[in-house]
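Numbering (UniProt numbering), first residue to last: 1 to 138.
Even for Gly, the Cβ is constructed at its ideal location relative to N, Cα and C.
Right, one structure below, let's go through it.
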Amino acid sequence: LVMTPLFRPHLLALSIRLEQAGMTPVFEITEREDIRAFPQAAVFRQLAAGGLRFAVDDFGTGHAGPASTVADRMIARTVSLARCQGARVIAEGIETPAQAARLRDAGGDYLQGWHCGAPMPFGLFHFRLTQKSQPAFG
Numbered sequence: 001l002v003m004t005p006l007f008r009p010h011l012l013a014l015s016i017r018l019e020q021a022g023m024t025p026v027f028e029i030t031e032r033e034d035i036r037a038f039p040q041a042a043v044f045r046q047l048a049a050g051g052l053r054f055a056v057d058d059f060g061t062g063h064a065g066p067a068s069t070v071a072d073r074m075i076a077r078t079v080s081l082a083r084c085q086g087a088r089v090i091a092e093g094i095e096t097p098a099q100a101a102r103l104r105d106a107g108g109d110y111l112q113g114w115h116c117g118a119p120m121p122f123g124l125f126h127f128r129l130t131q132k133s134q135p136a137f138g
């Protein structure tokens with residue numbers, strides 16, 4: 001839908017309405033396609049200039065990263081690159097304390113995965129969100 005010119009103004013309007021309601025939407029771009037073979041990349045730059053925020057989903061599983069396990073140095077460099085772009089880093093698939101520590105040591109901002117908790121219904125999530133919690137790193 002993002003590539004449909006008639007839809008873009010609606011996307012921008014939706015983003016504004018969500019922000020007015022206290023939500024900060026971030027749209028995910030999957031990393032399954034080679035961006036160099038994606039001539040519509042200019043559309044994302046245009047939408048970002050209009051205030052939309054984008055995140056690369058599943059980084060390292062497709063064209064942006066190696067097929068093998070991502071090394072600690074690559075994680076640190078990726079975090080550094082994100083910082084240079086003014087972006088935050090959310091690591092998905094964090095299942096162990098060691099993985100969480102690696103992300104913390106690399107300077108990551110947020111994590112998600114079984115280390116934090118199992119998937120749950122929204123009602124339970126909302127309940128836990130309103131309870132006293134501690135930051136992932138701190």
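- N- and C-terminal bounds of the alpha helix (DSSP H) containing A13: R8 to Q20
- Message: Using CA atoms only, rank isn't needed, just tell me which of Q112, G117, R128 and H126 is closest to I90.
- Response: Q112
- Using a threshold of 8 Å, state whether the C-beta atoms of A87 and I94 are closer than that. no
- For I90, write down the residues that DSSP places opposite it in a beta bridge. Y110
- Item | Backbone CA spacing between residue 143 and R102 [nearest angstrom] | An answer regarding residue 143 cannot be provided, because it is not within the stretch 1 to 138 covered by the chain.
- What is the DSSP secondary structure of T130, reduced to helix, strand or coil? helix
- Message: Please classify G22 as buried or exposed, where buried requires at least 16 neighbouring CB atoms within 10 angstroms.
- Response: exposed
- Query: Grouping DSSP H, G and I as helix and E and B as strand, with all else coil, what is P66?
  - Reply: With a pLDDT of 48 at P66, under the threshold of 50, the predicted position of this residue should be treated as unreliable, and no value is reported.
- Message: Could you check whether F54 and V79 sit closer than 8 Å to each other, using their CB atoms as the reference points?
- Response: no
- Message: If contacts are defined as beta-carbon pairs under 8 Å, then T130 and H115 qualify, I think. What distance do you get, rounded to the angstrom?
- Response: Not a contact, Cβ separation roughly 22 Å.
- Simplified DSSP assignment, three categories, for M23: coil
- Starting from Q46, trace the alpha helix (DSSP H) both ways and give me its first and last residue. A41 to A49
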